[in-house]
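Engineer: Sharing a structure, written as structure tokens. Questions coming.
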Amino acid sequence: MAGRIGSTVIENVQPQIDCGRHPVKSAVGEPVRVTADVFKEGHDELVVVLRWRQLTPSQTEMREVAMRPLGNDAWEGRFPLFDNGLYAYTVEAWPDLFRSWAGELKRKVDAGREVHSELLEGAALLAAAAERAAGAGAAGPPDAARLREAEKQLRAGQSTAAIAVALDPRLADTAGRHPDRSLAVRHSQELRVFAESKRAVFSAWYELFPRSTGAAGRHGTFRDAEGMIPYVEELGFDIIYLPPIHPIGRTARKGKNNSLKAAADDVGSPWAIGGPEGGHKSIHPQLGTMDDFKRFLAAAREKDIE
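Pasting the structure below:
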């Protein structure tokens with residue numbers, strides 16, 4: 012859907028899936044490239060920003076980064092993904108009043124036109140920007156002073172010096188830092204992206220059965236499996252994939268080689284989760300304790316294995 016206020020339109024914001032119903036996916040460390048079509052009737056120049064934040068309780072404010080024009084009303088911006096999790100992003104735009112005015116002024120000056128009234132219009136724009144700058148924090152007052160000084164020069168009347176001040180791109184930059192955001196239009200949706208682990212882009216998986224890492228005839232433990240981590244690293248794998256590590260059910264337990272009849276000492280299939288010892292939130296007692304499992308994870312992380 013497009014965002015629209017007056018004559019400014021934002022549409023075709025990408026990437027998105029099914030009109031924004033589902034988050035797109037990326038990976039930590041991969042910049043998200045966002046594009047949008049943004050246009051406005053008339054000759055006003057536009058400022059377009061990409062707004063984004065990670066959806067966590069500690070990050071409630073949207074960050075902003077300027078988008079750059081690609082031509083034919085298309086704009087592009089990027090934002091980083093620092094951590095795993097869900098992020099929101101959208102696009103906002105507003106007319107750059109002073110830069111648009113300066114462009115019109117230059118065309119009239121180049122045509123040899125009298126521009127006294129245009130300079131007064133520019134002075135009014137600078138006065139409004141200076142007022143906004145005055146309340147804009149530490150960087151605001153110095154900008155406000157520069158804007159007010161330029162305003163005085165423009166109000167002094169048409170002269171080569173006044174025109175030079177008006178067309179100085181540094182003045183447009185200063186005024187642009189304090190825009191009239193009441194004219195801004197925001198895209199009607201906050202789209203989402205889910206940042207996966209870097210290993211989601213490419214990784215090599217090693218499936219490891221902890222119970223098979225013990226000595227012959229003995230049920231393996233997480234301590235035994237920990238001893239396999241250097242071997243997995245040497246082979247070049249960076250993901251250890253475990254089967255279920257929970258207590259195993261006894262009802263209809265399977266025997267060796269997937270047989271339907273289990274002997275009294277058969278341990279069963281680990282995918283038959285749930286027994287007297289617990290379910291999905293419990294550790295199979297023969298594998299060890301939760302502390303043993305955490306130690307196993309820490310040992311893997313030391314080898315940069317997930």
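To convert a position in the sequence shown, counted from 1, into this note's numbering, add 11. Beta carbons: idealized from backbone N, C-alpha and C, even for Gly. Remember, it's a predicted structure, so these values are computed and weren't measured experimentally.
With Thr185 as the anchor, note down where its alpha helix (DSSP H) starts and where it stops.
Structural biologist: Thr185 -> alpha helix (DSSP H) spans Pro180 to Gly187.
Engineer: Compute the distance between the beta-carbons of Tyr100 and Leu194, then report whether it is under 8 Å.
Structural biologist: Result no, Cβ atoms of Tyr100 and Leu194 do not sit closer than 8 Å.
Engineer: Are there 16 or more other CB atoms within 10 angstroms of the CB of His54, so buried, or fewer, so exposed?
Structural biologist: By the 10 Å Cβ count, His54 comes out exposed.
Engineer: Taking 6 Å as the limit between beta carbons, can you name the residues of its chain near Gly88, skipping five residues before and five after?
Structural biologist: Closer than 6 Å at Cβ, skipping near neighbours: Val45, Leu61, Val76 and Met78.
Engineer: Would you list the one or two residues that DSSP bridges to Lys265?
Structural biologist: Per DSSP, none; premise fails for Lys265.
Engineer: Considering Cα atoms alone, identify which of Thr185, Arg118, Arg181 and Val120 is closest to Arg143.
Structural biologist: Of the listed residues, the one whose Cα sits closest to Arg143 is Thr185.
Engineer: Alpha carbons only, please: which of Ile316, Glu244, Gly286 and Gly290 is nearest the one belonging to Lys209?
Structural biologist: Among Ile316, Glu244, Gly286 and Gly290, the Cα nearest to that of Lys209 is on Ile316.
Engineer: Using the Cα positions of Phe307 and Val278, report the straight-line distance between them to the nearest angstrom.
Structural biologist: Going by the C-alpha atoms only, they are around 22 Å apart.
Engineer: Starting from the Cα of Trp216, find the closest Cα among Ser199, His230, Val243 and Arg197 and give me that residue.
Structural biologist: Nearest option by C-alpha distance: Val243.
Engineer: Which one of Ile240, Arg32 and Lys272 has the shortest CA to CA distance from Thr224?
Structural biologist: Taking only the C-alpha atoms, the option nearest Thr224 is Ile240.
Engineer: Under DSSP, the alpha helix (DSSP H) around Gln164 begins and ends at which residues?
Structural biologist: Looking at the DSSP string, the run of the alpha helix (DSSP H) that includes Gln164 is Gly151 to Arg166.
Engineer: I want to see whether chain C comes within less than 8 Å of Asp277, judged by CB atoms only; does it?
Structural biologist: Given the protein chain composition of this structure (a single chain), no chain C is represented.
Engineer: So what does Ile28 bridge to, in DSSP terms?
Structural biologist: The partner list for Ile28 (beta bridge, DSSP) reads His33.
Engineer: Under the assumption that Glu103 contacts Arg222 (Cβ atoms under 8 Å), give the Cβ distance between them as a whole number of angstroms.
Structural biologist: About 55 Å; that fails the 8 Å criterion.
Engineer: Below 8 Å between beta carbons: does that hold for Pro34 and Phe205?
Structural biologist: In contact: Pro34 and Phe205 (Cβ atoms closer than 8 Å).
Engineer: Just to confirm my understanding: we take Arg15, look at its own chain, exclude 5 residues before and 5 after, and list those with CB closer than 7 Å. What are they?
Structural biologist: Here Arg15 scores only 49 on pLDDT, less than 50, and its place in the model is too uncertain to base an answer on.
Engineer: Would you say Gln298 and Phe220 are within 8 Å of each other, going by their C-beta atoms?
Structural biologist: First, the amino acid is wrong: residue 298 is Leu here, not Gln. Contact: no.
Engineer: When we look at the beta-carbon of Val49 and count the other beta-carbons within 10 Å, is it buried (16 or more) or exposed?
Structural biologist: Flag for Val49 reads buried.
Engineer: For Lys51, does the three-state DSSP call read helix, strand or coil?
Structural biologist: Lys51 falls in the strand class under three-state DSSP.
Engineer: Give a yes or no on whether the C-beta atoms belonging to Asp191 and Leu108 are separated by under 8 Å.
Structural biologist: Yes, the Cβ-Cβ distance between Asp191 and Leu108 is below 8 Å.
Engineer: For Arg234, report the span of its alpha helix (DSSP H) as first-last.
Structural biologist: Taken as a continuous stretch (DSSP letters only), the alpha helix (DSSP H) holding Arg234 covers Phe233 to Glu237.
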